[in-house]
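S.K.:
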Amino acid sequence: MADENVVRSDFYVYVLFRPDTGQPFYVGKGCGRRIRISPFDGSNPYKHNIAQKAKREGRSIPKVKIAANLTEAEAFKLEAAFIGAISRHPDGPLVNVTDGGEGSSGHKQTEETCAKKRAVLKGRSQPHLIGNQHAKGNCHTLTSETRARQSLASKGHKRLVGRKHTAETRARMRSARALRGPVSEVTREKMAAAKRGKTYNIEQRARMSASKIGLTKGLIWITDGKQNKRVRPDTIVVEGWWRGHVLRKKHADSGCDRRFTG
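Be aware that the sequence shown starts at 604, since it is given in our numbering, and climbs by one per residue.
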């Protein structure tokens with residue numbers, strides 16, 4: 604058994620930098636793999652937001668150890684010195700929420716405290732463990748009464764009905780669709796295979812039919828020769844599209860003309 608009185612000297616002080624500007628945005632102290640998991644540990648929402656933005660942009664967070672092989676006291680002192688020298692927001696670029704120099708490395712909770720936490724968390728869904736819980740079949744399930752209340756609350760709830768997007772929002776949506784491009788044949792086949800052979804009972808068919816009543820009233824067909832869309836009559840038809848629609852393959856095989864004008 605290791606001597607608990609031995610002073611550890613495996614701590615270090617590190618700095619995280621913004622990948623877009625190169626500015627330091629966080630100074631921390633740790634040991635082991637702390638420097639690798641620090642950007643995404645969620646302990647600091649400002650630091651986490653910067654890391655998430657970099658991840659969305661396909662960038663990595665530059666990390667530098669500025670000192671290593673320190674005792675915890677030395678690491679705390681150096682961490683506080685660097686935070687003070689660089690400065691926290693709004694006086695500087697750092698998003699540290701404290702001036703540094705504090706922490707509780709190696710702290711062990713009593714068995715009584717652990718038992719209390721287990722009792723509180725028992726049966727509660729935890730997002731970071733949800734995959735494993737589902738795999739084990741231990742995921743928390745809602746009671747029938749709760750499901751009934753949720754179903755009743757959501758019935759007839761149409762929060763987007765009548766809502767109109769601004770011109771700016773519509774432009775962003777068009778740009779996003781253009782970047783995605785057309786659905787590939789492989790993806791189309793996967794989608795078709797997932798629905799192939801699926802049947803609906805009479806009640807489901809009635810609900811699906813009722814939900815579509817009035818949605819296509821007054822719309823016209825346009826096509827590019829491969830796919831069809833229904834749009835408002837005042838929609839400007841872009842180059843490469845025209846009014847009309849093409850029949851599906853099963854109709855084309857019957858010898859019918861594929862193009863119809865609207």
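Even glycine gets a Cβ: it sits at the ideal position worked out from N, Cα and C.
Just how far apart, CA to CA, sit I653 and R621?
M.R.: Approximately 8 Å, taken between the alpha carbons.
S.K.: Buried or exposed, going by whether 16 or more other CB atoms sit within 10 Å of the CB of N758?
M.R.: Looking at the sequence shown, residue 758 is not Asn but Lys. With fewer than 16 other Cβ atoms within 10 Å, it is exposed.
S.K.: With 16 other CB atoms within 10 Å as the buried threshold, where does E682 fall?
M.R.: It counts as buried.
S.K.: When DSSP labels each residue in this structure, what does N735 get in the three-state scheme?
M.R.: Below a pLDDT of 50, predicted positions are generally treated as unreliable, and N735, at 46, falls in that range; no measurement from the model is reported.
S.K.: Does the stretch 668-679 touch the stretch 640-651, meaning 3 or more C-beta pairs lie closer than 8 Å?
M.R.: Cβ pair count under 8 Å is below three, so no.
S.K.: Thinking P627 and P696 are a contact (beta carbons under 8 Å), I'd like their distance in whole angstroms, please.
M.R.: Contact flag correct, Cβ pair sits at about 6 Å.
S.K.: Please report the straight-line C-alpha distance between H768 and W844, rounded to a whole angstrom.
M.R.: Their backbone Cα atoms lie some 24 Å apart in a straight line.
S.K.: If contacts are defined as beta-carbon pairs under 8 Å, then V616 and A670 qualify, I think. What distance do you get, rounded to the angstrom?
M.R.: Confirmed, about 5 Å.
S.K.: Whose C-alpha, out of A813, R835, Q830, is nearest the C-alpha of I823?
M.R.: Minimum Cα distance to I823 is reached at R835.
S.K.: Does DSSP put G631 in a helix, in a strand, or in coil?
M.R.: Here G631 sits in strand by DSSP.
S.K.: Could you check where the beta strand (DSSP E) with L673 kicks off and where it finishes?
M.R.: Where L673 is concerned, the enclosing beta strand (DSSP E) stretches over 666-673.
S.K.: Mind checking which residues open and close the beta strand (DSSP E) that includes L745?
M.R.: Careful: L745 lies outside any beta strand (DSSP E) and carries neither H nor E.
S.K.: Using CA atoms only, rank isn't needed, just tell me which of T826, T838, Q830 is closest to R846.
M.R.: Looking at the Cα atoms, T826 is the closest of the given residues.
S.K.: For V618 versus Y649, is the C-beta spacing smaller than 8 Å?
M.R.: Not a contact, by the Cβ cut-off of 8 Å.
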